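Undergrad: The structure under discussion is supplied below as structure tokens; questions concerning it will follow.
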Amino acid sequence: MLVEKGSSIGAHILSGAVIKPAVFKELLPEVDFSEIPFNAKVIKDKMVLLSENGHLTLPFHIPYMNNIGNYTASLGQICKYLAVKAEEKGVEVYTGFAVDEILYKDGKVIGAKTKDTGLDHHGNQLENFQAGTSIEAKITIFAEGTRGSLTKMLIKKFNLDKDRNEQIYSLGCKELWSVPPGNIEAGQIYHTMGYPLNNDEFGGGFIYGLNDNKVAIGIVVGLDYKDPSFDVHDAMQVWKTTSFVSKILKGGRLVEYGAKTLPEGGYYAIPRLYVDNALIVGDSAGLVTMPALKGVHLAIKSGMLAAQTAANALSKNDTSEKSLQEYETLVNNSLIYKDMYPVRNFRQGFTNGLIAGGFHFGTQLITGGAGFLGRLRTHPDYQTTQKLTEYKKKLFRERFKGKLDFDKVLTFDKATDIYHSGVYHDEQQVVHLHIKDPATFNAVNIDQYGAPEQFFCSSEVYELHIGKDGKKELRIHAENCMHCKTCDIKSPGDGITWVVPNGGNGPDFQNM
Ligand SMILES: Cc1cc2nc3c(=O)[nH]c(=O)nc-3n(C[C@H](O)[C@H](O)[C@H](O)COP(=O)(O)OP(=O)(O)OC[C@H]3O[C@@H](n4cnc5c(N)ncnc54)[C@H](O)[C@@H]3O)c2cc1C
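When you line the sequence shown up against the numbering used here, it's residues 1444 to 1955, in that order.
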């Protein structure tokens, strides 16, 4: 049984995406490959260094970043296709059900429960109250994607991240455009580095030429940046104004917008993947390779290995931790390990800026990933934001003064972009963004950091409200939430917890 919070399969799925296809042949050996709804095959792949007024196309690829032969795709469309295949094989798929509780018996996972609905803001039952459904299972597989809200609880309860690196994340903002013929070829992809990011900001842009004159564009920025006013959405708008990107979008129109985080901590940040009766797969387990920015094939492979482990465990009638340990062994003998281990130190090397990162990466390339310093550590992203008084460089808004007046042709404010993501939330429900300690939060977060949520949120959920008496408070417009989870990751002091809203709420992505 698969339980999905999106109103349909794919509604909450967002990726680049350029996908490594081999795993699909393994997953569906009986299927004609051409039946899988990939978009264009990558035929041209370039890396471009951007400056404010120009660009340089690199004559080489950074190691691990060559994509020739991979496929562009809307991951949402691929997921829709896979759901049909799964149903044909007997899987029951339930969409529009948000799971908000792990069920335990004698300290062991025995399933999960979907969220109660029909509550008002204070949690009082309304006429349409419906209690959530308890689903008991011999094995529960946590496949919630990035920063899974239940997976987070599971990892904490069983201390599954003991001796592992802190998981760190990036936020990706993406737009899908329809452009005039000739602007970009289907199967032509670009990855950009440089402008508008500075030395402290790890990330870059992607431009993927799709069939039917569509192009997927976006930027992905590490959430370990320091500037308390940094704004990934607005940085993407500035990026679009460069001559290189704007030329590709010229004469086109925005079709869809979305945002999502992705785990970047790599091999050393993978938690223990099993406990009694439960397994963790995909982004929830941190299975993404950097610098390739690839997680789709690893999510699928981990699902296959989890299924194999579950089948073995059920046939032995032994779903204990000892039996499910097989999953971690299979992962460590699979392409997941092969892809992630050689770049195990990659992302950590960049936490002190691009120059240090470039140096570390060079040493890792000649030492098989070890580097000269061995295992590098990380800090959680909520610790890296600096206070306003500590941050000595120009704040984001000063840095891009004059470039943040969006023209609604090439560049868009968040409100307009959100409109293009189909976001909807029931008005009557308990706010799904929990501020841990409101008094301290306001004092520290607003006064010392300048309420960074108003900037880092990809969908204008957080508004700094200043009353007539000068009192400042952070207002929460939960109805805008894109489910990107940035606030759960980046809020100073780990001040905000994201929990699932009502099932079926959230974005309604069509082709992300
Ligand atoms: C901007 C961006 C670009 C990327 N580009 C690429 C790329 O080009 N190539 C590549 O290979 N990878 C790329 N990735 C990474 C890739 O998208 C992920 O690694 C992959 O989608 C992970 O799959 P998953 O199944 O683990 O999680 P997801 O794809 O996030 O799926 C998780 C699903 O679980 C549902 N869910 C979560 N919590 C609950 C709950 N409590 N109750 C019910 N349902 C729930 C969600 O709604 C969602 O549908 C990119 C990611 C981003 C953000």
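Here a beta-carbon is modelled for each residue, glycine too, at the ideal position from N, C-alpha and C.
Computed from a prediction, not measured in an experiment: that's the story for all the values here.
#1: Grouping DSSP H, G and I as helix and E and B as strand, with all else coil, what is Lys1737?
#2: Assuming Phe1899 and His1455 are in contact, meaning their beta carbons sit under 8 Å apart, how far apart are those beta carbons, in whole angstroms?
#3: Where does Arg1790 land, buried or exposed, given buried means 16+ other C-beta within 10 angstroms?
#4: Could you name each continuous alpha helix (DSSP H) segment of 4 residues or more that falls completely within the segment 1909-1936, going from the start of the chain to the end?
#5: Excluding the five sequence neighbours on either side, which residues of its own chain have a C-beta within less than 6 Å of the C-beta of Ile1511, listed in chain order?
#6: Where do the ends of the beta strand (DSSP E) carrying Val1663 lie?
#7: Please state whether DSSP places Arg1715 in a helix, a strand or coil.
#8: Nearest to Asn1888 by CA position, among Tyr1524, Val1622, Pro1935, Asp1848, is which residue?
#9: Taking Cβ positions, are Gly1648 and Trp1682 nearer each other than 7 Å?
#10: Name the residue from Ala1678, Ser1745, Lys1928, Val1724 whose alpha carbon lies nearest to the alpha carbon of Asp1848.
#11: According to the neighbour-count rule (16 or more other Cβ atoms, all chains shown, within 10 Å of its Cβ), is Ala1728 buried or exposed?
#12: Hey, quick one: how far does the alpha helix (DSSP H) through Met1490 stretch, first residue to last?
#13: Look at the Cβ atom of Lys1737, then the Cβ atom of Leu1457, and state whether they are nearer than 7 Å.
#14: Is it buried or exposed, Val1852, if we count other Cβ atoms within 10 angstroms and call 16 or more buried?
#15: Out of Ala1753, Asp1890, Ala1529, Leu1470, point me to the one whose CA is closest to Gly1913's CA.
#16: In whole angstroms, what separates the C-alpha of Thr1965 from that of Glu1587?
#17: Is there at least one non-hydrogen atom of ligand 1 closer than 6 Å to the beta-carbon of Val1658?
#18: Please classify Lys1781: is it buried, with 16 or more other beta-carbons within 10 angstroms of its beta-carbon, or exposed?
#19: Rounded to a whole number of angstroms, what is the C-alpha to C-alpha distance between Gly1796 and Ile1932?
#20: Rounded to whole angstroms, what's the CA-CA distance from Lys1463 to Asn1513? Just pull it up for me.
#21: Counting C-beta neighbours from all protein chains within 10 Å, is the total for Thr1772 16 or more, i.e. buried, or is it exposed?
#22: Please list, in chain order, all residues of the same chain as Arg1715 whose beta carbon is under 6 Å from its beta carbon, the five residues on each side excluded.
#23: Kindly list the residues whose CB is nearer than 7 Å to the CB of Thr1940, restricted to its own chain and excluding five residues on each side of it in sequence; keep chain order.
#24: Taking the alpha-carbon positions, what's the Glu1699 to Tyr1862 distance?
#25: What whole-angstrom Cβ distance do Glu1579 and Gly1615 have, given they're in contact under 8 Å?
#26: Take Lys1617 as the anchor and find which of Ser1902, Lys1837, Asp1655 has the nearest alpha-carbon.
TA: So, from the listed chains and residues:
#1: The residue labelled residue 1737 in the question sits at position 294 within the sequence shown. Reduced to three states, the DSSP call for Lys1737 is strand.
#2: Against the sequence shown, residue 1899 aligns to sequence position 456. Against the sequence shown, residue 1455 aligns to sequence position 12. Contact flag wrong, Cβ pair sits at about 20 Å.
#3: Counted from its first residue, the sequence shown places residue 1790 at position 347. Looking at its Cβ environment, which holds 16 or more other Cβ atoms inside 10 Å, Arg1790 is buried.
#4: 1929-1933
#5: The residue given as residue 1511 occupies position 68 in the sequence shown. Contacts found: Val1485, Asp1488.
#6: On the sequence shown, residue 1663 is found 220 positions in, with the first residue counted as 1. Val1663 -> beta strand (DSSP E) spans 1657-1665.
#7: For the purposes of this step, residue 1715 is identified with residue 272 of the sequence shown, where counting begins at 1. Arg1715 falls in the coil class under three-state DSSP.
#8: Reading the sequence shown from its first residue, position 445 is the one you call residue 1888. Looking at the Cα atoms, Pro1935 is the closest of the given residues.
#9: As a working note, residue 1648 is residue 205 in the sequence shown. As a working note, residue 1682 is residue 239 in the sequence shown. Cβ distance < 7 Å, so Gly1648 and Trp1682 count as in contact.
#10: Reading the sequence shown from its first residue, position 405 is the one you call residue 1848. When only C-alpha atoms are compared, the closest one is Ala1678.
#11: Here residue 1728 corresponds to residue number 285 of the sequence shown, with the count starting at 1. Ala1728 should be labelled buried.
#12: Locating residue 1490 in the sequence shown gives position 47, where the first residue counts as 1. From DSSP, Met1490 is part of no alpha helix (DSSP H) but of the beta strand (DSSP E) over 1487-1493.
#13: Position 294 of the sequence shown, counted from the start, is the residue given in the question as residue 1737. Position 14 of the sequence shown, counted from the start, is the residue given in the question as residue 1457. Their beta carbons are not under 7 Å apart, which means Lys1737 does not touch Leu1457 by this criterion.
#14: Counting from 1 along the sequence shown, the entry for residue 1852 is found at position 409. By the 10 Å Cβ count, Val1852 comes out exposed.
#15: Taking the sequence shown and counting its residues from 1, the one referred to as residue 1913 is at position 470. Nearest option by C-alpha distance: Asp1890.
#16: A query on residue 1965 cannot be resolved here, the shown segment of the chain reaching from 1444 to 1955 and no further.
#17: Taking the first residue of the sequence shown as position 1, residue 1658 is located at position 215. Judged by the Cβ position, Val1658 fails to qualify as a neighbour of ligand 1 at the 6 Å threshold, every heavy atom of the ligand being at least this far.
#18: Indexing the sequence shown from 1 puts residue 1781 at position 338. With fewer than 16 other Cβ atoms within 10 Å, it is exposed.
#19: As a working note, residue 1796 is residue 353 in the sequence shown. As a working note, residue 1932 is residue 489 in the sequence shown. Cα to Cα, Gly1796 sits roughly 20 Å from Ile1932.
#20: For the purposes of this step, residue 1463 is taken as residue 20 along the sequence shown, with counting starting at 1. For the purposes of this step, residue 1513 is taken as residue 70 along the sequence shown, with counting starting at 1. Taking the straight line from one Cα to the other gives about 5 Å.
#21: Taking the sequence shown and counting its residues from 1, the one referred to as residue 1772 is at position 329. Exposed.
#22: Residue mapping note: residue 1715 aligns to position 272 of the sequence shown, counting from 1. For Arg1715, where only same-chain residues beyond five positions count, the Cβ hits under 6 Å are Leu1603.
#23: In the sequence shown, the residue the question calls residue 1940 occupies position 497. Once the five neighbours on either side are set aside, the close Cβ partners of Thr1940 are His1877, Lys1879, Asp1931.
#24: The sequence position of residue 1699 within the sequence shown is 256, counting from 1. The sequence position of residue 1862 within the sequence shown is 419, counting from 1. Approximately 9 Å between the Cα atoms of the pair.
#25: Here the question's residue 1579 lines up with position 136 in the sequence shown. Here the question's residue 1615 lines up with position 172 in the sequence shown. Their Cβ separation, rounded to whole angstroms, is 36 Å, which puts Glu1579 and Gly1615 out of contact at 8 Å.
#26: Within the sequence shown, numbered from 1, the residue matching residue 1617 stands at position 174. For Lys1617, the nearest C-alpha among the options comes from Ser1902.
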